[in-house]
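Colleague: The structure that follows is given in the form of structure tokens.
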Amino acid sequence: MAGAPAVELTRQQGPIEGQVPLNFRLDYDPTKVQSNHRYAVSARIELDGKLMFISTEQHSVKLDGSNPQPLGIKVDPVR
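Numbered by the working numbering, the letters in the sequence shown go through residues 27 to 105 in order.
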């Protein structure tokens with residue numbers, strides 16, 4: 027539904043080890059996926075609670091297994 031609030035299906039957080047690009051995997055409960063909804067992935071990198079990088083483009087995903095792997099998400103520095 028247009029204008030409906032976003033619902034978070036999953037989240038991954040933890041310390042960053044190494045340099046970008048970083049690999050990630052998001053596991054979610056497929057029973058919560060609704061066929062008439064659209065889904066997107068976003069990313070943010072924080073340091074000591076301060077936002078340092080964030081994704082600024084929409085990264086739509088289909089949760090039916092038809093998306094190419096892996097998904098690349100560009101993050102931009104916060105100014």
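No residue lacks a Cβ here, since even glycine has one placed at the ideal position from N, Cα and C.
As the structure is a prediction and not an experimental result, all values here were calculated from the model.
Would you kindly report the start and end of the unbroken beta strand (DSSP E) that includes R70?
Modeller: Numbered from 1 along the sequence shown, position 44 holds the residue referred to as residue 70. R70 to L73 is the extent of the beta strand (DSSP E) around R70.
Colleague: Please state the DSSP three-state secondary structure of K76.
Modeller: On the sequence shown, residue 76 is found 50 positions in, with the first residue counted as 1. The answer is strand: DSSP assigns K76 an E or B state.
Colleague: Can you tell me whether DSSP reads P41 as helix, strand or coil?
Modeller: Stepping through the sequence shown from its first residue, residue 41 is reached at position 15. Residue state, collapsed to three classes: coil.
Colleague: Could you check whether the segment 52-64 touches the segment 75-83, counting it as contact only if at least three pairs of C-beta atoms, one from each stretch, sit closer than 8 Å?
Modeller: Because the criterion of three Cβ pairs below 8 Å is not met, the segment 52-64 and the segment 75-83 do not touch.
Colleague: If you draw a straight line from the C-alpha of L48 to the C-alpha of A30, how long is it?
Modeller: What you label residue 48 is simply residue 22 of the sequence shown in a count that begins at 1. What you label residue 30 is simply residue 4 of the sequence shown in a count that begins at 1. One C-alpha to the other measures close to 31 Å.
Colleague: Going by Cα to Cα distance, which pick from L35, V87, A32 and A69 is closest to P103?
Modeller: Locating residue 103 in the sequence shown gives position 77, where the first residue counts as 1. When only C-alpha atoms are compared, the closest one is A69.
Colleague: Among Q39, G44, V67 and F50, which residue has its Cα nearest to the Cα of E83?
Modeller: Here residue 83 refers to the residue found at position 57 when the sequence shown is read from its first residue. It is V67.
Colleague: How many Å lie between N4 and S86 at the Cα?
Modeller: Only positions 27 to 105 of the chain appear in this structure, which leaves residue 4 out of reach.
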